[in-house]
Amino acid sequence: MNKSINGAILGLILFLPTYCLCFWFGIMPKFYPLLGEVHIVEPPGAHIAVKFVGSALVGIVAGIVGFLAGRSLPENSGKVLHVLVWVTMIAAGTYLIGRETVTYILH
Amino acid sequence: MSYPMASVGIFSTPLVWVLLLVHLLIAVFALGAVTHHWWLLCRRRVPRPVLARYAKWMAISYPLALVAGVLIYPSYNVLVRKPPIGVLEATSRWAVGLFEIKEHLGTLALVMLPWLVLSARAYDRLSRLERINYIIATWVFTIFVYYAFISGGLVTAIESF
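Taken in sequence, the protein lines are chains A and B.
Letter 37 of the first sequence, counting from 1, is numbered 51 in the working numbering, and no numbers are missing.
Letter 21 of the second sequence, counting from 1, is numbered 79 in the working numbering, and no numbers are missing.
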């Protein structure tokens, strides 16, 4: 088993729940718009919430920690990681797609 | 209270136009790299250097396409999607849902990228389990990227016509 690949997989495993939790608890940092025309808009305000960017940034920090930790794991732990990554992907994908489907498509 | 841009759509300013076009061009490039990478893995005998080359182009172009998308996102949110200026939530709520799913899948694909690139570089040395998972991950990644491309185009088309 390749240690770097183990690191990348553990990074993904840690990213997924972190990203989902950020959505669950509504971590939405506010960014000033990068394009000039938005400043004249009164509501929704001079700045807007960008939940994807905020959640992804928090998740990526967790992913980097996972990558570094995964590289130091013993090589035979790769088998567990290779199974766990799909369990996590299916769970996170179900939550994220279900969340948007219920909120926007079915509602 | 007045909203000077109440009637404008996604192509309200030349800058948004340019950014959208740049986003599209990079996305097409990324789609090409992703498709070639996927197609190489579908063949039985995979030349590792070619696989690693396409994985490298994927690793360069996909994050760039994502960054271009992030730059347009504030305009989309205010001018296209949310009231009082944006109308998409009111008129085509399902399209907003598809777009939100695209954002999620696009982010997941970004985080899958290191796994694919490292696997492509070490393809000859992968164990059976690693190789099977690499192939499955490539399929999943390719589906995510195609979904993002198609749904992004769909929302742009709805708002444009």
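Virtual Cβ for every residue (Gly too), placed ideally from N, Cα, C.
- In this model, VAL99/A and GLU158/B are separated by some 23 angstroms (Cα to Cα).
- In the three-state scheme derived from DSSP, where H, G and I count as helix and E and B as strand, PHE207/B is classed as helix.
- Taking a contact to require three or more Cβ pairs closer than 8 angstroms, the stretch 74-86 of chain A and the stretch 122-139 of chain B do not qualify as touching.
- Of the candidates TRP173/B, ASN191/B and LYS160/B, LYS160/B places its Cα closest to the Cα of PHE202/B.
- For PHE66/A, the closest of TYR33/A, LYS93/A and PHE81/A by C-alpha to C-alpha distance is TYR33/A.
- The C-beta distance from TYR181/B to LEU109/B rounds to 6 angstroms, short enough to meet the 8 angstroms contact threshold.
- In terms of CA proximity to LEU24/A, LEU87/A leads the group GLY40/A, LEU87/A, TRP38/A and CYS36/A.
- Excluding its 5 nearest sequence neighbours in each direction, ALA91/B has C-beta neighbours in its own chain below 6 angstroms: TYR112, TRP115, MET116 and SER119, listed in chain order.
- The criterion of a C-beta distance shorter than 8 angstroms is not satisfied by ALA148/B and PRO142/B.
- When secondary structure is reduced to three states using DSSP, VAL104/B falls in the coil class, being assigned neither helix nor strand.
- When 7 angstroms is used as the limit between beta carbons, ALA105/A is near no residue of chain B, the shortest such separation being about 12 angstroms.
- In the pairwise beta carbon analysis, the stretch 191-201 of chain B is classified as touching the stretch 162-181 of chain B: at least three pairs are separated by under 8 angstroms.
- Residue contact with chain A for HIS162/B: present (Cβ-Cβ distance below 8 angstroms to some residue of chain A).
- Secondary structure note for ARG179/B: its alpha helix (DSSP H) is the uninterrupted segment 151-179.
- The beta carbon of LEU24/A sits no closer than 8 angstroms to any beta carbon of chain B.
- The residue among THR200/B, VAL145/B, LEU156/B and GLU188/B with its C-alpha nearest the C-alpha of LEU171/B is THR200/B.
- A Cβ-Cβ separation of about 5 angstroms places GLY164/B in contact with ALA206/B under the 8 angstroms criterion.
- Per DSSP, the unbroken alpha helix (DSSP H) holding TYR33/A starts and ends at 17-38.
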